[in-house]
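Structure first, commentary second.
See below:
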């Protein structure tokens, strides 16, 4: 049994130290670090307890006593951690906690040192069960406002620990032959119960570590979304400074793009590309389709009338300009943003045509990014049914006929089919957000 004990407790020491070092290396990432010191401290004490158990298997009563004391310290830190999850541990309460723990520690050490191996098992199991009940009480309060799955798992683990400790006392009482002279010389049943109980404690530590990793991931995701949102708002503002389009145009085209994408997905067309996240990125990227107009001179961009052939050639450069602007913004980010990648496709490709006669690259068919093909139809429909300086407002019916007529020429045939199925929705949105 000694060799198995040494292997187990040394392995536990490595695992717990790894969890502690991993957490400490990321501690600055957390907002409430003043509450979290209980966690690395608890891991440190539990790791030292495991190492002391590893040494104690050679028979030293001093190390056996030390490892149980360190185990109590670790479990106290875990209990305080659980309490900090639901309330602040005020400076007024903390001294009482430590005084109480000191008294319990002295009592435990006296009883443990003066008792025989069987008495030590009773004492240890009683104290550990007490801490487990405290943990259970704290988590019961935590779960009322925190429904994280890790909390439920921890409650289950602690209940199992309590049952195991009670089972160990039961085995000791009714099968005294299970234990011989020293604590590590118990029979297979006692050994199994002790090891499983220790495994439950290690598992609880791993669940807590996962809880903090999950919180860190959510915090980074929230921060990333905030950065992404701020960048998009800045780019949108830049686009609208030079563009004649209104905020209603943005709302309309976003609604059109979303409905076309969802209709295509429901039809089973391009379903692999139209995941919920991709559709969301597409909708958020849609307002940036004409951001390249920031590079078009005012005498062309704001001309009150039709453009000359030379001016039109300059105007056409806005697609490539927009693509370059967004690529530069994406390159300056800490990591590539999916929404900007989608915006790059839209800005650079929404004037391409299905038959290859568009600009700036003359792409055709599915060479044109799907987001750009969807944006192309949404943008042209919106331009047709609203008045421009160079044209009168078209009726919804006339716009639908024009789009259907260019199926397979300007527009992706599948996108046109989706539009035909959703044309009443387009009309509704056009009326709801009509320009005054």
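Numbering (the numbering used here), first residue to last: 4 to 439.
All residues carry an ideal CB built from backbone N, CA and C; glycine is no exception.
Buried or exposed for residue i, please, with buried defined as at least 16 other CB atoms from any protein chain shown within 10 angstroms of its CB.
i: residue 275; result: exposed
i: residue 293; result: buried
i: residue 164; result: buried
i: residue 355; result: buried
i: residue 149; result: exposed
i: residue 91; result: exposed
i: residue 308; result: exposed
i: residue 301; result: exposed
i: residue 412; result: exposed
i: residue 168; result: buried
i: residue 113; result: exposed
i: residue 366; result: buried
i: residue 6; result: exposed
i: residue 46; result: buried
i: residue 387; result: buried
i: residue 65; result: exposed
By the three-class DSSP mapping on this structure, what secondary structure does residue i have?
i: residue 376; result: helix
i: residue 410; result: strand
i: residue 262; result: helix
i: residue 147; result: coil
i: residue 319; result: helix
i: residue 305; result: coil
i: residue 364; result: coil
i: residue 296; result: helix
i: residue 268; result: helix
i: residue 21; result: helix
i: residue 394; result: strand
i: residue 311; result: coil
i: residue 382; result: helix
i: residue 389; result: coil
i: residue 59; result: helix
i: residue 41; result: helix
i: residue 193; result: helix
i: residue 211; result: helix
i: residue 441; result: Given a span of 4 to 439 for the chain in the structure shown, any question on residue 441 remains unanswerable.
i: residue 433; result: helix
i: residue 340; result: coil
i: residue 29; result: coil
i: residue 12; result: helix
i: residue 36; result: Legend: pLDDT at residue 36 = 46, less than 50; position of this residue unreliable, no value from coordinates given.
i: residue 125; result: helix
i: residue 405; result: helix
i: residue 275; result: coil
i: residue 438; result: coil
Within the same chain, show all residues whose beta-carbon is closer than 8 Å to that of residue i, passing over the 5 residues directly before and after it, in chain order.
i: residue 217; result: 151 and 153
i: residue 155; result: 146
i: residue 434; result: none
i: residue 263; result: 377, 380, 381, 418, 421, 422 and 425
i: residue 170; result: 196
i: residue 291; result: 235, 238, 239, 242, 325, 329, 346, 349 and 350
i: residue 323; result: 295, 351 and 363
i: residue 43; result: 23, 26, 27 and 30
To which residues of the same chain is residue i closer than 7 Å at the C-beta, ignoring the five residues directly before and after it?
i: residue 286; result: 257, 260 and 261
i: residue 266; result: 421, 424 and 425
i: residue 53; result: 12, 15, 16 and 19
i: residue 289; result: 256, 257, 260, 349 and 378
i: residue 73; result: 48, 51, 52 and 55
i: residue 410; result: 416 and 419
i: residue 106; result: none
i: residue 138; result: 81, 82, 85 and 161
i: residue 214; result: 151 and 153
i: residue 127; result: 71
Could you spell out the range, first to last residue, of the alpha helix (DSSP H) harbouring residue i?
i: residue 353; result: No alpha helix (DSSP H) holds residue 353; DSSP gives it neither H nor E.
i: residue 370; result: That residue, residue 370, is in no alpha helix (DSSP H); it is neither H nor E in DSSP.
i: residue 420; result: 416-424
i: residue 166; result: 152-177
i: residue 88; result: 64-89
i: residue 279; result: 279-288
Grab me the residues of residue i's own chain with a C-beta within less than 6 Å of its C-beta, minus the 5 sequence neighbours each way, in chain order.
i: residue 352; result: 371, 372 and 375
i: residue 78; result: 134
i: residue 203; result: 160, 163 and 164
i: residue 415; result: 357 and 376
i: residue 364; result: none
i: residue 319; result: 362
i: residue 144; result: 89
i: residue 398; result: none
i: residue 210; result: 153, 156 and 157
i: residue 298; result: 324
i: residue 104; result: 79
For residue i, is the beta carbon positioned less than 8 Å from some heavy atom of the ligand HEM?
i: residue 325; result: In the structure shown, the ligand HEM is absent, as is every other ligand, since no ligand is present at all.
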